[in-house]
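Trainee: I'd like to ask some things about the structure below.
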Amino acid sequence: MVLNVVEVPYKCPIAPLEFVFMADWFFTVSGVRDKVEIEFVTPLDNVFTKPVAAKALAQVAVQKKIKVTPYFDLAQVNAKEKTIESHKGQTIGYDLLVAIPPNMGDHVLIDSEVSDPIGFVATNNATLQAEKFDRVYVIGDTTNVPTSKAGSVAHYMAYTLYSPEQLQQIGDGLVRLTGVLHKLVAPEALDLLDKAADLPASADVAGAKPVGLFRLIGALSDPKLKAGMGVALELTRGLAALREP
Ligand SMILES: Cc1cc2nc3c(=O)[nH]c(=O)nc-3n(C[C@H](O)[C@H](O)[C@H](O)COP(=O)(O)OP(=O)(O)OC[C@H]3O[C@@H](n4cnc5c(N)ncnc54)[C@H](O)[C@@H]3O)c2cc1C
Numbered sequence: 002m003v004l005n006v007v008e009v010p011y012k013c014p015i016a017p018l019e020f021v022f023m024a025d026w027f028f029t030v031s032g033v034r035d036k037v038e039i040e041f042v043t044p045l046d047n048v049f050t051k052p053v054a055a056k057a058l059a060q061v062a063v064q065k066k067i068k069v070t071p072y073f074d075l076a077q078v079n080a081k082e083k084t085i086e087s088h089k090g091q092t093i094g095y096d097l098l099v100a101i102p103p104n105m106g107d108h109v110l111i112d113s114e115v116s117d118p119i120g121f122v123a124t125n126n127a128t129l130q131a132e133k134f135d136r137v138y139v140i141g142d143t144t145n146v147p148t149s150k151a152g153s154v155a156h157y158m159a160y161t162l163y164s165p166e167q168l169q170q171i172g173d174g175l176v177r178l179t180g181v182l183h184k185l186v187a188p189e190a191l192d193l194l195d196k197a198a199d200l201p202a203s204a205d206v207a208g209a210k211p212v213g214l215f216r217l218i219g220a221l222s223d224p225k226l227k228a229g230m231g232v233a234l235e236l237t238r239g240l241a242a243l244r245e246p
């Protein structure tokens, strides 16, 4: 089995190595490990991006009898011959190829020209402000800052824009907002909102005249107004709940 990281950057620098370590475990517990060769083929100089961890992880790969082939710059996959070939002409055979494809940003960013042609948004390294847009800040995989494409990186980038307390508040707020949204999409709430949304079109708000006590008494002979007052009183009763903690 050959795992090939095709290009950098790719999502989560450790994930391909996790994959071959898990494959080693799977073939071991399946009792066929001695019949399977595992090869880790990467364009990098080692199994991981950070030197200290890379040294330790390379030793684990040796212990697990996983062959590591660095500096492999993929040129093509020859599916018929079951080989991968580098730009330097190096060829590696496989029975099963697991390839990590080139990482790109989303097409919506490319099409809208918010990003560069491969989908990464030009971002200031220090402020995370988008280079081309004053009021846009960018975090996560979509930036072009020279960091790993990792969830932990996106997490810590957020601290550049907000304090931990603010992030906690935003997170808690989003959870509460989800609860509110859940209530708002209940059929009764939607029916009420739907009818309320018709009001501006049916009421002559601009032509409404001031109403004193006598006019109000006179107007109450109108059955619709009477019914409306009933609804208003019922809604007013509900408003009392706003005072409750
Ligand atoms: C196999 C694997 C293992 C990984 N393991 C780890 C790990 O152990 N630790 C770690 O830190 N990182 C890990 N990562 C990397 C991590 O998942 C990413 O770096 C992280 O999710 C990036 O977060 P993000 O919010 O920038 O982008 P994403 O998580 O990709 O979020 C982008 C969101 O935008 C949505 N979207 C896309 N286009 C549109 C559109 N047009 N309209 C609306 N929404 C849209 C997508 O559906 C997606 O939900 C791993 C990645 C992979 C693939």
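Whatever position you read off the sequence shown (first residue = 1), add 1 for the numbering used here.
No residue lacks a Cβ here, since even glycine has one placed at the ideal position from N, Cα and C.
Report the residue from L178, R34 and V42 whose alpha carbon sits nearest the alpha carbon of L75.
Mentor: Here residue 75 corresponds to residue number 74 of the sequence shown, with the count starting at 1. Measuring from the Cα of L75, the nearest candidate turns out to be V42.
Trainee: Would you mind reading off the limits of the alpha helix (DSSP H) that contains T161?
Mentor: Here residue 161 refers to the residue found at position 160 of the sequence shown. Per DSSP, the continuous alpha helix (DSSP H) segment holding T161 begins and ends at G152 to L162.
Trainee: List in chain order the residues whose CB is within less than 5 Å of at least one heavy atom of ligand 1.
Mentor: That query returns the following residues: K12, C13, A16, D107, V109, G141, D142, K150, A151, G152, S153 and A155.
Trainee: What separation, rounded to the nearest whole angstrom, lies between the Cα atoms of R136 and S153?
Mentor: On the sequence shown, position 135 is the one that residue 136 refers to. On the sequence shown, position 152 is the one that residue 153 refers to. Each residue's alpha carbon lies about 24 Å from the other.
Trainee: Our contact map puts S149 next to P14 with C-beta atoms below 8 Å; I'd like the distance itself, whole angstroms only.
Mentor: Reading the sequence shown from its first residue, position 148 is the one you call residue 149. Reading the sequence shown from its first residue, position 13 is the one you call residue 14. 5 Å between Cβ atoms; contact.
Trainee: Rounded to whole angstroms, what's the CA-CA distance from P211 to L217? Just pull it up for me.
Mentor: Taking the first residue of the sequence shown as position 1, residue 211 is located at position 210. Taking the first residue of the sequence shown as position 1, residue 217 is located at position 216. Taking the straight line from one Cα to the other gives about 10 Å.
Trainee: Measuring CB to CB, does Y163 end up less than 8 Å from I171?
Mentor: Position 162 of the sequence shown, counting from 1, holds the residue named residue 163. Position 170 of the sequence shown, counting from 1, holds the residue named residue 171. Against a cut-off of 8 Å, the Cβ pair of I171 and Y163 comes out as a contact.
Trainee: If I measure Cβ to Cβ from P10 and keep anything under 6 Å in the same chain, skipping five residues before and after, which residues do I get?
Mentor: Within the sequence shown, residue 10 is the residue found at index 9, counting from 1. Cβ within range, chain order: N104 and K150.
Trainee: In its own chain, which residues sit with a C-beta less than 7 Å from the C-beta of A55, not counting the 5 before and 5 after it?
Mentor: Walking along the sequence shown from the start, residue 55 turns up at place 54. Excluding residues within five positions, the ones whose Cβ falls inside 7 Å are N47, V48 and F49.
Trainee: Helix, strand or coil for F28? Go by DSSP, reduced to three states.
Mentor: For the purposes of this step, residue 28 is identified with residue 27 of the sequence shown, where counting begins at 1. It is helical.
Trainee: In whole angstroms, give me the CA-to-CA distance for K225 and V176.
Mentor: Taking the first residue of the sequence shown as 1, we reach residue 225 at position 224. Taking the first residue of the sequence shown as 1, we reach residue 176 at position 175. Taking the straight line joining both Cα atoms gives about 41 Å.
Trainee: Is Q77 helix, strand or coil by DSSP?
Mentor: In the sequence shown, residue 77 corresponds to position 76, counting from 1. Three-state result, Q77: strand.
Trainee: CA-CA distance, V78 and K184?
Mentor: Mapped onto the sequence shown, residue 78 falls at position 77. Mapped onto the sequence shown, residue 184 falls at position 183. Between V78 and K184, the C-alpha separation is close to 53 Å.
Trainee: When you compare the CB positions of I93 and I101, do they come within less than 8 Å of one another, or not?
Mentor: What you label residue 93 is simply residue 92 of the sequence shown in a count that begins at 1. What you label residue 101 is simply residue 100 of the sequence shown in a count that begins at 1. No, these two residues do not count as a Cβ contact at 8 Å.
Trainee: Residues in the same chain with beta-carbon distance under 7 Å from E132, minus the five sequence neighbours each way, listed in chain order, please.
Mentor: Here the question's residue 132 lines up with position 131 in the sequence shown. Counting only Cβ-Cβ distances below 7 Å, and skipping sequence neighbours, we find A123, T124 and N125.
Trainee: Does the Cβ of S222 lie closer than 7 Å to at least one heavy atom of ligand 3?
Mentor: Here the bound small molecules are ligand 1; ligand 3 is not part of this structure.
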